[in-house]
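One structure below.
This is the structure:
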C-alpha cells in the first residue's frame, strides 16, 4: 500500500504548497491522503461511492477519537465536476463517524498518546478504508454536525429517517448522467474529504480540514480511479482546483465573523454575439450559519439577463430542501435567494461541505467588483462581501442597490486615487474612457 500514498516528506511538501495552511497548536487533524475509492452499485439512475483516507494529527497535542462519546471526528465525502467552464458539486453523502484509532508513523514520528486506541497522537496517522467509510452502521446525517464548533449528535439519531436503500443509501450519490464519459466529454472529476472534530475546532485549526484529489471516471458502471501523478491536495477544498486549472477564475475567501469560512469562485466567458456568461461557485467550508443568497451588480442598460443554477442534492432522509433559489432583479443587482430561516429552517441554503453553482447571461463584459453573500441563520452580521467577476456598466458603484450621488462621489474618489475599482470599462486601464463611461451610465440611470 505504501507506494500508493504520500511519504512523510511529500506530505509536508503538500501542506506547504497549500499556502497559508500550517499546523497549529493543540489538536490539528487533516485528511492527509485519499488513497482509494469504492463503487457500491447503482439504483434509480444514481451510483454510490465512498472514499478511503489517511488522517494525520499535525498539532501539538493528542486529538480525541472516543468511539462511544461525541468526542470523535466525523468525515464528509463529496464528488465534483469541472465541465465547460463550470465547477459544480455532483454528489455528497452522510458523514462517517470515527470509532477507533491505531496511530502509526506516516505524517511524522508518531508520539503515542495516553489513550492509544481512543486518541490520535501528535504526528500520528490513522487509516479508514473506503469500505469502512461506507458502512451503514457508522454513517450519520450531515445535518447533525455543527461544522464550526465541531459539535455532533451522538449517538447518531436516525429517528424518522428511512432505512438505507441498498446499495446507494447514505453514501455519496452521483447521477449517472453526470458521470457518463460519452455525455461529458472533456470533464474532469474531483473527490473531497473533510474531517470535523470539536477539539480541532476549539484549537482554531479547522480551516485546513478539507482535502481533494482528482480522479477519472470509466465507462459504465462508472468506476472512479485515482490518477497517477495527481496526489491529494492536503488542506485545500475541491473548489481550490478550479483557479489552479483555469487562471481566469477569481477565487475569494470570506470568513463570517464568529463563524466559519465561505469561498466564492467566479468566471466570465465571452459567448460571442454580444453575450457573456458569468458562473459563480459558492462553497461552504465550515460555516454553520450557511449562505442564503448571492447578489451581483447588473447594469440596467444591459440586455435582460437569463440565469441558471445547480444546488447540492440532499438525499436519504436529510431534512434540507432541494428547492431552487429564486432569481430576480432588485434595483441594480441580480439576486439569487432561498427562503429565510424563519420561513423554513430546512431551506436549501448552502450548508457546510457543499457547493452551489449560479449563472447569469448578459451583454456587458466583466469587471472585478463586489458580490454580496447573504447569511441564512440569524446573527449579528447577515451579509458578507466577496470580490468577484461581475458584469460591468452598473453605475451603482457602492453596491447598495441604488444609483445616486453617493455612487458618483465614490467613483470620483476611486478614480482620483487610481483605485483599480474605477476601471469602469473593465479593459485593464484606468483612463478617461472609464470616467466617460461611468458618467454616461449614471446619466442613463444604469
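Numbering (the working numbering), first residue to last: 49 to 494.
All C-beta atoms in this analysis are idealised placements derived from N, C-alpha and C, irrespective of residue type, glycine included.
Please check the pair residue i and residue j, which I expect to be a contact at CB under 8 Å, by giving their CB distance rounded to whole angstroms.
{"i": "residue 326", "j": "residue 439", "result": "6 Å"}
{"i": "residue 421", "j": "residue 239", "result": "Between residue 239 and residue 421 the Cβ distance is about 26 Å, and since that is not below 8 Å, they are no contact."}
{"i": "residue 140", "j": "residue 308", "result": "So it is not a contact: roughly 17 Å between Cβ atoms."}
{"i": "residue 189", "j": "residue 142", "result": "6 Å"}
{"i": "residue 105", "j": "residue 77", "result": "5 Å"}
{"i": "residue 342", "j": "residue 310", "result": "Not confirmed; about 10 Å, so no contact."}
{"i": "residue 251", "j": "residue 124", "result": "Not confirmed; about 19 Å, so no contact."}
{"i": "residue 350", "j": "residue 410", "result": "5 Å"}
{"i": "residue 98", "j": "residue 182", "result": "3 Å"}
Using C-beta distances below 8 Å, list every residue in its chain close to residue i, excluding the 5 sequence neighbours before and after it, in chain order.
{"i": "residue 380", "result": "345, 346, 347, 348, 442, 443, 444, 449, 450, 451, 494"}
{"i": "residue 160", "result": "151, 169, 172"}
{"i": "residue 336", "result": "194, 195, 196, 197, 307, 308, 400, 425"}
Tell me which residues share the same chain as residue i and place their Cβ nearer than 7 Å to its Cβ, disregarding the 5 neighbours each side in the sequence.
{"i": "residue 205", "result": "192"}
{"i": "residue 430", "result": "422, 423"}
{"i": "residue 391", "result": "none"}
{"i": "residue 278", "result": "261, 262"}
{"i": "residue 458", "result": "445, 446"}
{"i": "residue 481", "result": "473"}
{"i": "residue 361", "result": "370"}
{"i": "residue 211", "result": "none"}
Please go through the same chain and pick out, in chain order, the residues whose beta-carbon is closer than 6 Å to the beta-carbon of residue i, but skip the five residues on each side of it.
{"i": "residue 175", "result": "102"}
{"i": "residue 221", "result": "94, 96, 139, 363"}
{"i": "residue 62", "result": "Here residue 62 scores only 49 on pLDDT, less than 50, and its place in the model should not be relied on; the value that follows carries that caveat. 282, listed in sequence order."}
{"i": "residue 177", "result": "100"}
{"i": "residue 297", "result": "290, 291, 313, 315"}
{"i": "residue 9", "result": "Absent from the model: residue 9. The displayed extent of the chain is 49 to 494, so no value can be given."}
{"i": "residue 499", "result": "Any question about residue 499 goes unanswered here, given that the chain covers just 49 to 494."}
{"i": "residue 485", "result": "472, 473"}
{"i": "residue 149", "result": "113, 168, 174"}
For residue i, which residues does DSSP report across the bridge?
{"i": "residue 87", "result": "97"}
{"i": "residue 312", "result": "300, 330"}
{"i": "residue 320", "result": "323"}
{"i": "residue 357", "result": "406"}
{"i": "residue 374", "result": "385"}
{"i": "residue 343", "result": "383, 420"}
{"i": "residue 105", "result": "77"}
{"i": "residue 82", "result": "101"}
{"i": "residue 306", "result": "Answer by DSSP bridge pairing: none, since residue 306 is not bridged."}
{"i": "residue 188", "result": "143"}
{"i": "residue 200", "result": "193"}
{"i": "residue 335", "result": "Note: residue 335 sits in no beta bridge, so no partner."}
I want to know whether the stretch 115-135 touches the stretch 150-164 - three or more CB-CB distances under 8 Å. no
For a minimum of 4 consecutive residues, which ranges assigned as the alpha helix (DSSP H) are wholly contained in the stretch 397-478? 453-464
Validate contact between the stretch 311-319 and the stretch 414-431 using beta carbons, cut 8 Å, 3 pairs: yes
Mind listing, in chain order, the continuous alpha helix (DSSP H) runs of no fewer than 4 residues lying wholly within the stretch 206-288? 246-250
In chain order, each alpha helix (DSSP H) run of at least 4 residues that lies wholly inside the stretch 118-184: none
Would the stretch 244-262 and the stretch 283-297 be scored as touching if the rule is three or more Cβ pairs under 8 Å? yes
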